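Each remark here refers to the structure printed beneath this line.
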Amino acid sequence: MIGMQIGAVSFVDEGIEEVLEILQTKGAVNTLFLTTFTYGRGLSGRQVPGQPFPDHGSQESDQQTFHGGNYAIPHPEFYTRTVLKETRAPEFGDLDIVAKVLPAARKRKMKLFCSIEDVFRSDVAGVKDVTEVDLKGRKGGGLCLYHPDVRAFWTGLATDLCKSYDIDGILFFNERNGPLLNALGASHAQSIASSRVTCFCEYHQRAAKAAGVDFERARAGYTKLDSFIQNALADKRPSDGYFVEFWRLLVEYPEIIAWDRLFDAAKHEVLAEVGAAVKGVRKNLQIGFHIEHVNSFNPIFRATRSYADLATKADFLKVVVYNNCGGERYANFIRNVGSTVFRDVPKAELLSFNNHLLNYGNEASLEDLAKTGLSPDYVARETKRAIAGVDGKCRILPGIDIGIPTGRNSRKASPEDTEAATRAALQSGADGVILSRKYSEMRLANVEAAGKAART
Ligand SMILES: [Zn+2]
42 MIGMQIGAVS FVDEGIEEVL EILQTKGAVN TLFLTTFTYG RGLSGRQVPG QPFPDHGSQE
102 SDQQTFHGGN YAIPHPEFYT RTVLKETRAP EFGDLDIVAK VLPAARKRKM KLFCSIEDVF
162 RSDVAGVKDV TEVDLKGRKG GGLCLYHPDV RAFWTGLATD LCKSYDIDGI LFFNERNGPL
222 LNALGASHAQ SIASSRVTCF CEYHQRAAKA AGVDFERARA GYTKLDSFIQ NALADKRPSD
282 GYFVEFWRLL VEYPEIIAWD RLFDAAKHEV LAEVGAAVKG VRKNLQIGFH IEHVNSFNPI
342 FRATRSYADL ATKADFLKVV VYNNCGGERY ANFIRNVGST VFRDVPKAEL LSFNNHLLNY
402 GNEASLEDLA KTGLSPDYVA RETKRAIAGV DGKCRILPGI DIGIPTGRNS RKASPEDTEA
462 ATRAALQSGA DGVILSRKYS EMRLANVEAA GKAART
């Protein structure tokens, strides 16, 4: 399977037949992952502001008109048990992108999956009623995955898409982290905001009670963790050192870990429920999960994601192995953990240590990582790890980085490394690849290079 992630705007700007022709002839693409639901710019919209446009599509920013939502037409009967009813994306009038692209894809014998992503805007009707509650009782951030209206929304959306259209399945994206990682800023994507740790709402309290986790102890633990982080960022070293102080917090407040697991449990319950909803419509529909980048380079996060367990919930996993932006992101991760828990360790040594933990090979130094990127060897190693982890119980489709925006001086995709990365994934035994993140940010020479690797 050679998949392409693509949003509605590319078809609107460039024409459905024209785009499909390019994808087939240049990219050897046989499967569309059509962005159907998101409010985020990672999967939807034209090139993000401040980045050069690729050599196709409109060269005008859609920053003023981009909104997001459901690019198909939501059918109200599937959303009776949720306050999240008004999610239709308004950008393209009456266009139903799934209804429009599906017959054209079928004519070319291409498969079509709907991509849906857990990214919302705060001004969507009903969102304020179902968002998370942070350590200090403030609402905001993402949707609470224990809220019954949120659960009903995801299963409703998946059921709607599978019943209303003759698609091949769903690819579900949820990149949100649990409270422990949020507190540590232990991801490439975050700044460290340890007091914005979530979620402490009534539904979480109820779930905690059912799991035998003490809510007040968890909150006390996270309050102490917040002080630890703030002190570290202010360079106030605990007398026993940063790592020891952190570990002592975990020992004295095991509820910190338990509360974090509660978040993961909800996320995995949602995955399982969406999977069940999909299979409930037609047995042969496929469900896949996007496994986010942080799973690759953060050992703490890795420990919470068992491929063996995920394999029981999905037909395929899209494992992110983005190697160009990977350099910049991995360096950010090292700087984040190196400013708190591992603050006593020189960052170059921390990187080297982390490389060993993760079984990375000979990657660039911390100063060079962003401009060098991660290597095709990294793609191969992460692909093999995923294949070993799922042990034949589900398919592995590595996500290949083609032109994912990076900083001014950071690595950009070239045809040579796109070909090398695609080849590394396929030669490592992957069942296919998914070209990411979206067609509207990819240069055609890079798409062609991925196609060349797929064909030979
Ligand atoms: Zn909650």
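Residue numbers (the numbering used here): 42 to 497.
Ideal Cβ placement from N, Cα and C applies to all residues, glycine included.
Given the structure is predicted, the values throughout are model-derived calculations rather than measurements.
If I follow the unbroken beta strand (DSSP E) through Asp442, where does it start and stop? Element bounds for Asp442: Arg436 to Asp442.
Can you give me the Cβ contacts of Ala130 inside the same chain, cut-off strictly under 7 Å, excluding the 5 residues immediately before and after it? These residues qualify, in order along the chain: His108, Gly109, Gly110, Asn111 and Tyr112.
Asp301 (DSSP reduced to helix, strand or coil): Helix at Asp301.
Taking the DSSP output, what are the residues bridged to His334? Paired residues: none, contrary to the question.
Which same chain residues, not among the five before or five after Arg484, have their C-beta less than 7 Å away from its C-beta? Counting only Cβ-Cβ distances below 7 Å, and skipping sequence neighbours, we find Pro95, Asp96 and Gly444.
Would you list, in sequence order, the uninterrupted beta strand (DSSP E) runs of no fewer than 3 residues that lie entirely inside the stretch 175 to 206? Here the runs fully enclosed are 180 to 184.
Give a single yes or no on whether Tyr244 has its beta carbon closer than 6 Å to a heavy atom of ligand 1. At least one heavy atom of ligand 1 lies less than 6 Å from the C-beta of Tyr244.
With hydrogens ignored, establish whether the beta-carbon of Cys185 is closer than 6 Å to any heavy atom of ligand 1. At a cut-off of 6 Å, the beta-carbon of Cys185 counts as near ligand 1: some heavy atom of the ligand is closer than that.
First and last residue of the uninterrupted alpha helix (DSSP H) at Lys152: Element bounds for Lys152: not the alpha helix (DSSP H) but the beta strand (DSSP E), Lys152 to Glu158.
Does the stretch 435 to 443 come within contact of the stretch 349 to 368, defined as at least 3 CB pairs closer than 8 Å? Three or more beta-carbon pairs drawn from the stretch 435 to 443 and the stretch 349 to 368 are found closer than 8 Å, and the two stretches are therefore classed as touching.
Euclidean distance between Cα positions of Trp195 and Lys67: Cα to Cα, the separation comes out at about 35 Å.
Nearest-angstrom Cα separation, counted from Leu221 out to Thr264: One alpha carbon belongs to Thr264, the other to Leu221, and they sit about 12 Å apart.
Quick test of your reading: Ile138 and Phe78, contact by CB under 8 Å. State the CB separation rounded to the nearest angstrom. Not confirmed; about 11 Å, so no contact.
Where Leu225 sits in the DSSP three-state scheme: In this structure, Leu225 counts as helix in the three-state DSSP scheme.
Neighbourhood of Pro340 by C-beta, 6 Å cutoff - its chain only, sequence neighbours within 5 removed: Excluding five sequence positions before and after Pro340, the CB atoms of its chain that fall closer than 6 Å to its own CB belong to Leu398, given in chain order.
Give the straight-line distance between the Cα atoms of Val431 and Lys354, rounded to the nearest whole angstrom. Approximately 11 Å between the Cα atoms of the pair.
Neighbourhood of Leu212 by C-beta distance below 7 Å, restricted to the same chain and skipping five residues each side: Same-chain partners within the cutoff: Phe74, Phe154, Ser156, Gly329, His331 and Lys359.
Bridge partners - Lys359, DSSP secondary structure assignment: Note: Lys359 sits in a beta bridge opposite His331 and Leu438.
Ligand 1 and Cys240: does the residue's C-beta get closer than 6 Å to at least one heavy atom of that ligand? Cys240 Cβ: within cutoff of ligand 1.
Can you have a look at His116 and say buried or exposed, based on whether 16 or more other CB atoms are within 10 angstroms of its CB? Result: exposed.
Beta-carbon proximity check, Ala486 vs Ala318, cutoff 7 Å: Going by C-beta atoms, Ala486 is not nearer than 7 Å to Ala318.
Under the three-state DSSP convention, the category Arg129 falls into: Strand.
Tell me whether the beta-carbon of Ile270 lies closer than 7 Å to the beta-carbon of Thr381. With respect to Thr381, Ile270 sits close: the two C-beta atoms are nearer than 7 Å.
Look at the alpha carbon of Lys412 and the alpha carbon of Arg247, and state the distance between them as a whole number of angstroms. Cα-Cα distance, rounded: 47 Å.
Paired residues, beta bridge with Gln46 - DSSP: Gln46 pairs with Phe74.
Thinking C-alpha only, which one of Ala49, Ala69, Glu59 and Glu58 is nearest Ala491? The alpha carbon of Ala491 has as its nearest neighbour, out of Ala49, Ala69, Glu59 and Glu58, the alpha carbon of Ala69.
Taking Cβ to Cβ, would you say Phe304 is nearer than 7 Å to Phe338? Not in contact: Phe304 and Phe338 (Cβ atoms no closer than 7 Å).
Jot down the residue ranges of each uninterrupted alpha helix (DSSP H) in the stretch 445 to 477, minimum 4 residues, whole runs only, in chain order. Here the runs fully enclosed are 456 to 468.
Return the Cβ separation of Ala299 and Val335 in integer angstroms, given the expectation that the two are a contact with Cβ distance under 8 Å. With a Cβ gap of about 21 Å, Ala299 and Val335 do not count as contacting.
Between Lys250, Arg478, Ala251 and Ala352, which has its C-alpha nearest Ala454's C-alpha? When only C-alpha atoms are compared, the closest one is Arg478.
How would you write the range of the beta strand (DSSP E) that Phe213 sits in, first residue to last? Gly210 to Phe214 is the extent of the beta strand (DSSP E) around Phe213.
Does DSSP classify Thr239 as helix, strand or coil? Correct three-state label for Thr239: strand.
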